[in-house]
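Residues in the sequence shown are numbered consecutively from 1, following this note's numbering.
Ideal Cβ placement from N, Cα and C applies to all residues, glycine included.
Every value quoted in this text rests on a predicted model; they were computed, and no experiment measured them.
Only one structure is covered here, and it is reproduced in the block below.
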Amino acid sequence: MVGRGLWAWKHRFGKRSRRLGLWSFLFLATAALLALLFVDFIESWVTSMAMSTVIDHPPIIPLQSAPPSRPEEFLLMPSPLVCQRAKPYLFTMVTSAPANQRARQAIRDTWGGEVEVRGLRVMTLFMVGVASDPGLAKLLIEEAREHGDLIQGCFLDTYPNLTRKTLSMLGWARRFCPKAHYMAKVDDDVLFNPSALLHFLNKSRNPYEEGDLYLGRVHLHVAPDRDPESKHYLPAGAYPHSVFPDYCSGTTYVLSRSALLKISLAASASPLSTPLPPEDVFVGLCARAAGVLPSHCPLFSGGPGVPYGRCCYQAMVSIHHIPPRDMLLYWADVNSSPPCSWLSVRASLGMCKVRALLGSALGLEQGL
Ligand SMILES: *[C@@H]1O[C@H](CO)[C@@H](O)[C@H](O)[C@H]1NC(C)=O
Ligand SMILES: *[C@@H]1O[C@H](CO)[C@@H](O)[C@H](O)[C@H]1NC(C)=O
């Protein structure tokens, strides 16, 4: 009697719980699919929730009027009229090391060779420092003569001097290219996609808007590195606070005309500590001093590499860790085919984001 009752109970509720299980499976699968398709929106939302949106403490760097940067600060540069002639809407500064000729050539042969994108004028220049090797120094002069796209600042080109490269770049841009609508700063191992950037800006901003924009992959609540052995070591004497203001990853960031002006003025007015903070942190500090907040865009890869996917690469603005040979291959493949459909872009973007995330979680990432 009891056995039969139990059987009937199992029979009735077993069926119901199986149906319940099916429904929850379908629900979870749909949610996962939607999350995959809209992973970039989710990322934007989560990041904006975590970002500080108020300038809470007073500027760390006093904002004073700055002396204009003098042309003799540059050992090599294209004609001072290069921007007045080219009138770029977007100009890109690629920070490069003297020895990276192959990387610069790959950029010229791909995205850096474009002069018009989506009907807007674009221009790409390279920023280098002084080579300690005399042979290399001679090669740089030849390269500058041949291509007319090198700017050389007055500092030794070493890793600890990267922040000086940025200072030089900001000074040059303010003096010689102040009318461009946007400036992008890009590393020489980045596959940059001006078309995707202009599309994103067009979608997200009113074209007549003149506001400040400091756009990239935002790093939140990063603490200074207090390990004297580290290459980013920053003693409390150089930066006393326990966290940096939120800043954009240095692999690629974009400044609007007004943000460039404010940030470069703050940069040239700031007392330079020794050692200087890392390049991207320094720009974040100057932005904070100038009252400019960073904006996050999920289409910038930042540090971690992104596995190749044609539609994903069509949509991404910047992808880091691309050796010159791959840059040529990927660029040719991305541009040889018609634009991907909305759904393929969504699916491909979701897949490559998830793969990049898994890669960095498993420690496959090649470092920042
Ligand atoms: C910006 O968007 C408008 C309307 O959607 C379009 O007509 C225009 O071509 C776009 N411009 C660029 C540069 O994408
Ligand atoms: C940075 O550049 C300056 C100016 O050329 C030079 O004196 C200094 O030694 C460089 N610093 C490093 C760490 O290379």
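- Rounded to whole angstroms, the Cβ separation of S264 and A173 is 7 Å, and the two are in contact under 8 Å.
- Non-local beta-carbon contacts of L156 in its own chain, meaning distances under 7 Å to residues more than five positions away in sequence, involve G129, V130, S132 in chain order.
- Any heavy atom of ligand 2 counts here; residues with a Cβ closer than 5 Å to one of them, in chain order, are F155, L156, T158, P160, N161.
- The alpha helix (DSSP H) runs of length 4 or more contained entirely in the region 280-351 are, from start to end of the chain, 310-315, 324-336.
- If you compare the alpha carbons of G302, S295, I322 with that of M49, the shortest gap goes to S295.
- An exposed status is given to K138, since fewer than 16 other beta-carbon atoms sit within 10 Å of its beta-carbon.
- Secondary structure note for F38: it is in no alpha helix (DSSP H), with a DSSP letter that is neither H nor E.
- Per the coordinates, the alpha-carbon of L358 lies some 45 Å from the alpha-carbon of E73.
- Closest in C-alpha terms to T163, from the list S270, L329, L37, comes S270.
- With a cutoff of 7 Å, L215 does not count as near ligand 1, since its C-beta is closer than that to no heavy atom of the ligand.
- Put simply, of N100, V317, K231 the residue whose alpha carbon is nearest the alpha carbon of P160 is K231.
- Inclusion of D246 and G284 in the CB contact set at 8 Å is warranted, their separation being smaller than that value.
- DSSP places F244 outside any alpha helix (DSSP H), giving it a letter other than H or E.
- With a threshold of 16 other beta carbon atoms within 10 Å, A31 falls short and is exposed.
- It is roughly 37 Å from the alpha-carbon of T158 to the alpha-carbon of S204.
- For H219, the enclosing beta strand (DSSP E) begins and ends at 214-219.
- By the neighbour-count criterion, in which 16 or more other beta carbons inside 10 Å mark a residue as buried, T95 falls on the buried side.
- Shown here for E43: same chain residues with a beta carbon closer than 7 Å to its own, the five before and five after excluded, namely P298 in chain order.
- With a cutoff of 7 Å, N202 counts as near ligand 1, since its C-beta is closer than that to a heavy atom of the ligand.
- Inclusion of L90 and L220 in the CB contact set at 8 Å is not warranted, their separation being larger than that value.
- DSSP places L75 in the uninterrupted beta strand (DSSP E) bounded by 74-76.
- Sequence-distant partners of D188 (beyond 5 residues in either direction) whose C-beta falls short of 6 Å from its own C-beta, in its chain, are V94, S96, N100, A103.
- Within a 10 Å sphere around the beta-carbon of T252 sit 16 or more other beta-carbons, which makes this residue buried.
- Taken through DSSP and simplified to helix, strand or coil, M183 comes out as strand.
- With respect to the 8 Å criterion, Y214 and L255 are classified as neighbours on the basis of their beta carbons.
- The straight-line gap separating the alpha-carbon atoms of E146 and E114 is approximately 18 Å.
- Under DSSP, the beta-bridge partners assigned to E116 are R121.
- For H181, same chain residues with a beta-carbon under 8 Å away, outside a window of 5 residues either side, are Y89, L90, S256, R257 in chain order.
- For G21, the three-state secondary structure derived from DSSP is helix.
- C83: member of the alpha helix (DSSP H) spanning 82-86, first to last residue.
- Taking C-alpha positions only, A332 is separated from M123 by approximately 20 Å.
- In this model, E279 and K165 are separated by some 8 Å (Cα to Cα).
- In the three-state reduction of the DSSP assignment, D109 falls in the helix class, which pools H, G and I.
- When DSSP states are grouped into helix, strand and coil, Y89 belongs to the coil group.
- In this structure, the straight-line span from the alpha carbon of L276 to that of L234 is close to 8 Å.
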